[in-house]
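Residue numbers (this note's numbering): 697 to 1571.
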């Protein structure tokens, strides 16, 4: 096969890239498939007719790369085989706090269940190849790990403990159940119970636990602020600035230089203002609105709306260290009273931030909006502005919504210069709000909370927050600018990142329809499924019902999560055909990419009515926006991941703080609302303090309770008592586990002793403990069909099976530890060769591993908590 180049479909590409080309990946895969059996490297060298040392070395590297990228697998016989010929499945490992896990396939097929034994070979987030080994007792596909393709974690954060002179680390991430043995003499002088970061030096095998060296002692267990330090490391959030980034930031001037203001539209005379939260420090956006007088009345001609956004792209250049770090971070992370910024403070709070009374560079979206709320024109341009005032939501709300109060009169006097334009913004907001309702965007009402700290960073209060008209006004302005941006990108055929929100998945939609049907409600079907307008129409129909929040919660959970993608599929929730993020480049990398896309048009020679140029010089597009669709899709996946990572980390921190808040309240009773129902129990949010915990199904008294997913309830088979999503209950705090971020409740006497009665639909709420709306039959002992599994029960036999699994897991851990102590040899125990059970006295005081089911100590789904500024228009 010496003439392999004539057979290689990518020969030209290889010849262009390499001085001594070798067979492409495509040809290697095709050759192995046609060959009919795996081949060694030596066989491939011979069969391709490769002769030079350079070719041999290049083939070795290519085969290793293909193995790393899960295209090939290196067999035990020293040969290479295509993965797709071995019936192997490539995917990402998703761990579970109970020790088992799943492999989530890249091809979108059903997950593979991974037993605790298999999960001991991998960590949560690893990418692995697995094969299907059979079905588990629930009928799910079960797999075994064939090869770990890549590791998600180079290091693990957790608490350090010692047992018999051997140090080990218990991961803070509950999805990682392996204890990492610490190499003797490599514990960095950590003390028992401290949080540490351990770098993995030996990965887990079927016989050995993972091993590593402590590289940092993070701090003491209950030290103030420790929750954030741990979360940053647990979720791999970049938080230390590389030296190159600091050097680039240090070179920037503290204020805008005069030369940078040239060849820009000068808007410094316009009374722009910023409107943000009380504790905001970085100001992405400023707004100004003026009326276009009509013949008959002031607003008859509509409005001109100017949205000025910090021009980050002028300072963060492609290929710079600043850009590389911003891409890795993806977004700023807002923890309670602490922010991990995407850009250094010199930029985020200084040169880029639209601070008051100073000149700043901005990218402006100027929109013409009709009296009916329709956008009739828009233009983008680079400008220089001078914000006239730094306003807050509360101040603007007071001036506009409560104009006759003494506080409002004082504020109106202080901000008299900008007040007329605020009034015009308010008038425009009301028109845009009407257009929003006409369009049919979904408007869920969710409760946000704010954590108030006392001394030593302990929670003093968890306070509900309200969104006033000033919040909504800014949100509508940002939505308008984002829509104009998406339209601009489409019109100019620029590959870009869109904010995509798909409609409800079929399986969730089916469950939602079944739930609504039980309440006598329906969601319009339509030819292509329900529209956002249908969702909003239903919300408006039920807004006066006492079970409104229950129905809204179920509707919200039926929707998908929004993501960033180069493939525009529209935004279901907002009911836009195209939507993107433009308004927050200081704290979101996708917005920075969008600015670069717009800038590439401004600095081109393209004739378009949608940009203004004040002598802007022509710059090659490759220097401003060198992205193709494939690259953007990868960036979209990265930014979607970093967004989820930030959400998970902030949620974890809030849960930690709430557990701290509740640990002194064990034994106390509180009123609450059931916010979620699962097969293993009820999640209840306490009414006055916005803390959520679990009432495990085994803690429900006097009956066997069955999970009914259609009705979102647990129903007793003997008493007929049921606990349903949205029910009010009285619970007692049983246990608080800070390590697991779990709060366990039990039903208080008031709820247990409540009379069992039927609740009429559409009437006022009554406490839980009522009879089920219809009897739920007990399950038979045989394994039923899929339909039979719609209602599940938790029985003592399940508990026994789980306890046995836990015991087996503990025994395995003891065996592995004993093996490690003996230098890899099996510890002697009895004639069978099994290790002797460890004595209780040998066990260290370490985090409890309560394993009755995942519990959320934080706020209910859809609610947000924290003291840092909340992002605007996140949809």
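No residue lacks a Cβ here, since even glycine has one placed at the ideal position from N, Cα and C.
Residue 890 is classed as buried because its beta carbon has at least 16 other beta carbons within 10 Å across all chains shown. For secondary structure counted as the alpha helix (DSSP H) over 4 or more consecutive residues, the region 1224-1298 holds these complete runs in sequence order: 1228-1238, 1244-1253, 1285-1298. Per DSSP, residue 757 is one residue of the alpha helix (DSSP H) stretching across 749-764. Bounds of the alpha helix (DSSP H) holding residue 956 are 954-957. Apart from sequence neighbours up to five positions away, the residues of its chain that approach residue 1180 with a beta-carbon distance below 7 Å are 1061, 1063, 1071, 1074, ordered along the chain. Straight-line measurement puts the Cα of residue 1317 at about 26 Å from the Cα of residue 940. Ranked by how close their Cα comes to the Cα of residue 796, the residues 736, 814, 1339, 759 have 814 in first place. Under the DSSP assignment, residue 1072 falls in the beta strand (DSSP E) whose first and last residues are 1071-1082.
Residue pairing of residue 1442 in beta bridges, as defined by DSSP: 1428. Residue nearest to residue 1030 within the set 1058, 1051, 1211, 977 is 977 (criterion: CA-CA distance).
Counting C-beta pairs closer than 8 Å gives fewer than three between the region 911-925 and the region 1321-1336, which falls short of the contact rule.
Under the three-state reduction of DSSP output, residue 1157 falls in the strand class.
Pairing residue 816 with residue 800 gives a Cβ-Cβ distance that is not under 8 Å.
For residue 843, the enclosing beta strand (DSSP E) starts and ends at 837-846.
Fewer than three Cβ pairs drawn from the region 1012-1026 and the region 1295-1308 lie within less than 8 Å of each other, which leaves the two stretches out of contact. Annotation for residue 1004: the continuous beta strand (DSSP E) segment containing it runs 999-1006.
With three or more CB-CB distances shorter than 8 Å, the region 1358-1365 counts as touching the region 1417-1433.
Non-local beta-carbon contacts of residue 751 in its own chain, meaning distances under 6 Å to residues more than five positions away in sequence, involve 716, 718 in chain order. For residue 1188, no beta strand (DSSP E) encloses it, and the DSSP letter there is neither H nor E. Just so you know, the alpha carbons of residue 1420 and residue 898 end up roughly 48 Å apart. Within 10 angstroms of the beta-carbon of residue 774 lie fewer than 16 other beta-carbons, which makes it exposed.
Burial state of residue 1337 is exposed, judged by a 10 Å Cβ sphere holding fewer than 16 other Cβ atoms. If you draw a straight line from the Cα of residue 1077 to the Cα of residue 1185, it is about 14 Å long. Around the beta-carbon of residue 702, fewer than 16 other beta-carbon atoms lie within 10 Å, marking it exposed.
Residue 863 is bridged by DSSP to 858. Measuring C-alpha to C-alpha distances from residue 952 to each of 842, 901, 1006 identifies 1006 as the nearest.
Per the coordinates, the alpha-carbon of residue 1208 lies some 19 Å from the alpha-carbon of residue 1258. For the region 1343-1409, the continuous beta strand (DSSP E) assignments of 3+ residues that do not extend past its boundaries occur at 1365-1374, 1377-1382, 1388-1392, 1401-1404, in sequence order. Counting only runs of 3+ residues, the beta strand (DSSP E) found wholly inside the region 862-938 occupies 862-867, 875-878, 891-898, 907-915, in chain order. If you check the CB distance, residue 981 and residue 877 do not come in under 8 Å.
CA-to-CA, the gap between residue 829 and residue 771 works out to about 18 Å. Under the criterion of beta carbons closer than 8 Å, residue 1358 and residue 1396 do not qualify as touching, at roughly 21 Å.
In the DSSP assignment, residue 730 falls within the alpha helix (DSSP H) that extends over 721-731. Proximity to residue 1310 across 957, 1167, 699 peaks at 957, based on C-alpha coordinates. DSSP lists no bridge partner for residue 1327. Taken in chain order, the whole beta strand (DSSP E) runs of length 3 or more contained in the region 1031-1119 are 1034-1036, 1055-1065, 1071-1082, 1085-1088.
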